[in-house]
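K.L.:
Numbering (this note's numbering), first residue to last: 382 to 694. Note that CB positions come from ideal geometry on N, CA and C, so glycine has one too.
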């Protein structure tokens, strides 16, 4: 676990009161489900009896029941409330409990607080304010989480695609730290543009990537040259098992027309096709060919953020 923070761990619609949902974020194996009031809950995805994943069980009222021996765990406290083979006069030992995690929900994401201390009031998805129809998805990709964040700065075209748009490697300035994120603008062009990107002087589009120093909340915006938003996507990422990365995302197209947009873009918009693709399969050769550039700043800033305040004086 890297630090104590909120992690956007699942799409709200993926969590229900019928089937437990297993997810792994920041290396923590979690099981998510909803109680009878519709509240999202999170427990460690491990039965303390035989270490079987609780996600293999089922939701029973406000609790989850292990699919192996039927032990039942309260979704709010994690306490074991019933063991089927106990006699009526036997009490469940209090040591039989699954760890429970604080949960908060906002803007279509279920957040789980991982780590110690009291949860903060600020949720990663607070900055994502969708308007209109959304496009969503989730995946586990074969790339270590730190590398995923670095590639989002060095070569976002390896990880994400906007319909009818070419993302260039021309940086429109240096990376800028904005609070807890490193933000970088690069030029982009319509795919129908005849000149190669390296001959373009005035880029009609801007791709803005915002990558966190701590946590996994990634924001990607496609803008006009006047910085008017076209598409926005929020990608919740986190370390999964075996050096892979968990992803879930929500994105939307802003509701205004884009001057100079080609026919292909307008047809896609009229057909209400998803304008955004977050890749679930990543080309390793393409990743290996990337030059390490703005991600160097991310590495330095992340290292600085881990220095205790007393040591920095």
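What is the DSSP secondary structure of residue 561, reduced to helix, strand or coil?
P.N.:
Collapsing the DSSP output to three states places residue 561 in coil.
K.L.:
For residue 482, list the residues DSSP reports as bridge partners.
P.N.:
423
K.L.:
Pick out the complete beta strand (DSSP E) segments inside the stretch 613 to 654, 3 residues or longer, and give them in chain order.
P.N.:
626 to 634
K.L.:
Just verifying my parser: in three-state terms, what is the DSSP assignment at residue 568?
P.N.:
strand
K.L.:
Which word fits residue 673, buried or exposed, when buried means at least 16 other C-beta atoms lie within 10 angstroms of its C-beta?
P.N.:
exposed
K.L.:
Starting from residue 525, trace the beta strand (DSSP E) in both directions and tell me its first and last residue.
P.N.:
Where residue 525 is concerned, there is no enclosing beta strand (DSSP E), given that its DSSP letter is neither H nor E.
K.L.:
Expressed to the nearest angstrom, what Euclidean distance is found between the alpha-carbon atoms of residue 692 and residue 558?
P.N.:
Reliability fails at residue 692, whose pLDDT of 36 lies under 50, so the model's placement of it is uncertain and the value that follows must be treated cautiously. One Cα belongs to residue 692, the other to residue 558, and the distance between them is close to 22 Å.
K.L.:
So, does the stretch 644 to 657 touch the stretch 415 to 434, judging by three or more C-beta pairs under 8 Å?
P.N.:
no
K.L.:
Say yes only if the C-beta of residue 594 is nearer than 8 Å to one or more non-hydrogen atoms of the ligand ATP, and no if none qualify.
P.N.:
Questions concerning the ligand ATP fall outside what the structure shown contains, since it holds no ligand whatsoever.
K.L.:
Could you check what DSSP says for residue 532 in three-state terms: helix, strand or coil?
P.N.:
In the three-state DSSP reduction, residue 532 falls in the helix class (H, G or I).
K.L.:
Sort 455, 430, 431, 448 by Cα distance to residue 442 and report the nearest one.
P.N.:
455
K.L.:
In whole angstroms, give me the CA-to-CA distance for residue 333 and residue 495.
P.N.:
Given a span of 382 to 694 for the chain in the structure shown, any question on residue 333 remains unanswerable.
K.L.:
Reducing DSSP to helix, strand and coil, say where residue 463 ends up.
P.N.:
Reduced to three states, the DSSP call for residue 463 is strand.
K.L.:
Could you have a look at residue 690 and say whether DSSP puts it in helix, strand or coil?
P.N.:
In this prediction, residue 690 has a pLDDT of 37, which is less than 50 and means its spatial position is unreliable; nothing more can be read from the coordinates.
K.L.:
Taking all protein chains shown into account, do 16 or more other C-beta atoms lie within 10 angstroms of the C-beta of residue 402, making it buried, or fewer, making it exposed?
P.N.:
buried
K.L.:
Please list the terminal residues of the continuous alpha helix (DSSP H) segment that includes residue 667.
P.N.:
Taken as a continuous stretch (DSSP letters only), the alpha helix (DSSP H) holding residue 667 covers 665 to 669.
K.L.:
Thinking residue 565 and residue 590 are a contact (beta carbons under 8 Å), I'd like their distance in whole angstroms, please.
P.N.:
So it is a contact: roughly 5 Å between Cβ atoms.
K.L.:
Please report the Cβ distance between residue 592 and residue 628, rounded to the nearest whole angstrom; I am assuming they are in contact, meaning their Cβ atoms lie under 8 Å.
P.N.:
About 14 Å separates the two Cβ atoms, so there is no contact after all.
K.L.:
Given a threshold of 16 other Cβ atoms within 10 Å of its Cβ, counted over all protein chains shown, does residue 466 qualify as buried or as exposed?
P.N.:
So residue 466 ends up on the exposed side.
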